[in-house]
Structure formats: structure tokens, C-alpha cells
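For reference, the structure is listed below as C-alpha cells.
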Amino acid sequence: MPETQPLFSIVTVCYNASSEIRRTIESVDSQDFDSLEHIFIDGASKDDTLSVIKEYAERARHTVSFSSEKDRGIYDAMNKAFDGRVHGRYIMFLNAGDTLKGSDTLSQIAKFVSDDSEPGVIYGYTEVLDEKGNYLGMRRKNIPENLNWKSFKNGMLVCHQAFIVNQRLFCKYNLKYKYSADVDWCIRIMKEAEKQGLEIKGTKNTISQFYTGGATTQHHTESLIERFKVMTDHYGLCSTVWHHLLFAVRGIAKKIS
0 MPETQPLFSI VTVCYNASSE IRRTIESVDS QDFDSLEHIF IDGASKDDTL
50 SVIKEYAERA RHTVSFSSEK DRGIYDAMNK AFDGRVHGRY IMFLNAGDTL
100 KGSDTLSQIA KFVSDDSEPG VIYGYTEVLD EKGNYLGMRR KNIPENLNWK
150 SFKNGMLVCH QAFIVNQRLF CKYNLKYKYS ADVDWCIRIM KEAEKQGLEI
200 KGTKNTISQF YTGGATTQHH TESLIERFKV MTDHYGLCST VWHHLLFAVR
250 GIAKKIS
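In numbering that gives the first Met the number 0, the protein residues as written are 0 to 256.
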């Protein structure tokens, strides 16, 4: 455990990711903010992933820790972060290949935290890039200024890579969901924030960059079906069907225009 509690715990889940994990490491290592730890949860990689992480751990200014063992999928691996491995006041998941937007990303987020203000959640924008790093657009052009758990009736408005959570709200992912446990997790986090009276604070800045090609992208249909189940669990069947009909109407109208 670090001698002093870091403000941020960045958790990176990886498996056979020796090439793409380098850009994730570089984006964290280049931060102009030092109150952080970087935790790697590796799924028993067979390539050079661990060698890359170990080299990083030797030169990093901040604490770097890692483990390597088989898991039951990405959300099972992410859950291991909550088994005594995270020490920061806030947690952020930045998985292999994903990056922080700029070298001042964490220092900008840190401005929202003080002795008088400790939000339950800090959230922001996410850029979408292709596998070569070419900019494709924003994950969402407009995210709510006042986000709450009911906001996700309209879909996952904020990516989990740009959803930074206070330690007081930590909970594990529900493993009954294979592709959309992140949606359920964010909703449950926001419900608990409301229960505890903790603010959900938005920043107009871009926090993260998401590279296409992940498990959800590769299993798009299965992901959509699971998201429907998640939304039904939290919002009820009637509300979920109604909002999906609205999605369909908007999609058709957009194509016509």
C-alpha cells in the first residue's frame, strides 16, 4: 500500500496486450499530476505484456502494481480491483489500449476535489478513435450537465472510461452481464451517490479516448440485448420499451433527413 493515500487509482485490465498497452501506459505516465497509482490486472498473458508493465513499474514516479492470473472475463478481472488492491480516493478504469486525453487530464479532474467538496462521481467526455488512432468523433456530442441514475434511460450517456468514482461508492460488477455490466455498474453507483447525498459532478472536458474493437464492439447484438435487460431491471419494462421506441423513431428520422 502507498505511504500516503493517492487521489486516483487507475485500473487497467489486460490480456495479451503488449502492443496496445504501451499507449495506455504512456498516457498515464505523462500526467503532470503525481497523486495516483496505476494497477494492472492481467489475465495470465502469454506475450510480452508483463515485461512492458514491469519496465514501466521500474521507472514510474507513481506506484505501479500488477497481478497476473486467469479470470472469467473482463468484468471478473475488473472486480479484482476491489479485493484490497485499490487505495485511491477515486477509481478510474482505463483498460488496455484506452488513453487519457492529455497530460493535464488528472490535474484538471483533481480541481473538483477539495476539503469542502468531494463528489461521488466526476464524469466527462470520451473521444472515439479507430485502431490506428484516427479520430472518429465524440462518444456523445452532448452529455447531461446534471447526470443522475435516471439519465441512463436514454442509453449509456457517459463511457465508464470517463466515469470516476469515489471510494465511498465502490461496488463490484454484476457478473450475470457479460457485455453490459458497465452500464449496470454506473447506474448502481449513481443510485448509491443519491442515497448518500454525494454530488455527481460533470466536467466539460474530454477525459478519455476509447479505441474501437473491444468485446462490446465485437458482440454488438448481444450487447444491445443485455443493455435492454439492464434497463428493464432498473427502470421497468414499460419505460424501457418506450425509450427504445423513441430511439428507433429518432434513428429513422435521422436517416430520412
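Think of the CB as a built atom: it goes at the ideal place given N, C-alpha and C, for glycine as much as any other residue.
Just curious, the alpha helix (DSSP H) that residue i is in, first and last residue?
i, result
"residue 37", "Where residue 37 is concerned, there is no enclosing alpha helix (DSSP H), although the beta strand (DSSP E) it sits in stretches over 35 to 41."
"residue 229", "219 to 234"
"residue 106", "104 to 109"
Could you tell me the alpha carbon to alpha carbon distance between residue i and residue j, rounded to whole angstroms?
i, j, result
"residue 160", "residue 208", "8 angstroms"
"residue 177", "residue 57", "35 angstroms"
"residue 118", "residue 77", "22 angstroms"
"residue 10", "residue 255", "42 angstroms"
"residue 128", "residue 167", "32 angstroms"
"residue 235", "residue 73", "27 angstroms"
"residue 221", "residue 154", "15 angstroms"
"residue 103", "residue 110", "11 angstroms"
"residue 205", "residue 88", "21 angstroms"
"residue 200", "residue 7", "16 angstroms"
"residue 140", "residue 53", "37 angstroms"
"residue 258", "residue 14", "For residue 258 there is no data in the structure shown, the boundaries of the chain being 0 and 256."
"residue 185", "residue 148", "8 angstroms"
"residue 211", "residue 218", "12 angstroms"
"residue 113", "residue 131", "38 angstroms"
"residue 189", "residue 101", "26 angstroms"
"residue 64", "residue 36", "8 angstroms"
"residue 257", "residue 163", "Limits of the chain in this structure are 0 at one end and 256 at the other, which puts residue 257 out of reach."
"residue 55", "residue 98", "16 angstroms"
"residue 93", "residue 238", "32 angstroms"
Secondary structure at residue i, three-state DSSP: helix, strand or coil?
i, result
"residue 19", "coil"
"residue 202", "strand"
"residue 81", "helix"
"residue 211", "coil"
"residue 8", "strand"
"residue 197", "coil"
"residue 124", "strand"
"residue 176", "coil"
"residue 51", "helix"
"residue 98", "strand"
"residue 3", "coil"
"residue 74", "helix"
"residue 237", "helix"
"residue 13", "strand"
"residue 190", "helix"
"residue 56", "helix"
"residue 27", "helix"
"residue 181", "helix"
"residue 150", "helix"
In the DSSP assignment, find the unbroken beta strand (DSSP E) run with residue i in it and report its ends.
i, result
"residue 142", "First-last for residue 142: undefined, no H or E at that position."
"residue 157", "Run containing residue 157: none; DSSP gives neither H nor E here."
"residue 92", "89 to 92"
"residue 164", "162 to 165"
"residue 64", "62 to 67"
"residue 135", "134 to 137"
If residue i and residue j are in contact, beta carbons under 8 angstroms, what's the gap, nearest whole angstrom?
i, j, result
"residue 122", "residue 157", "5 angstroms"
"residue 187", "residue 96", "Their Cβ separation, rounded to whole angstroms, is 26 angstroms, which puts residue 187 and residue 96 out of contact at 8 angstroms."
"residue 192", "residue 120", "6 angstroms"
"residue 173", "residue 183", "5 angstroms"
"residue 61", "residue 31", "That pair is no contact at about 12 angstroms."
Inset, instruction - Report yes or no: do the region 21 to 35 and the region 66 to 83 share at least 3 C-beta pairs separated by less than 8 angstroms? - result: Using a C-beta cut-off of 8 angstroms, the region 21 to 35 makes no contact with the region 66 to 83, since fewer than three inter-stretch Cβ pairs fall below that distance.
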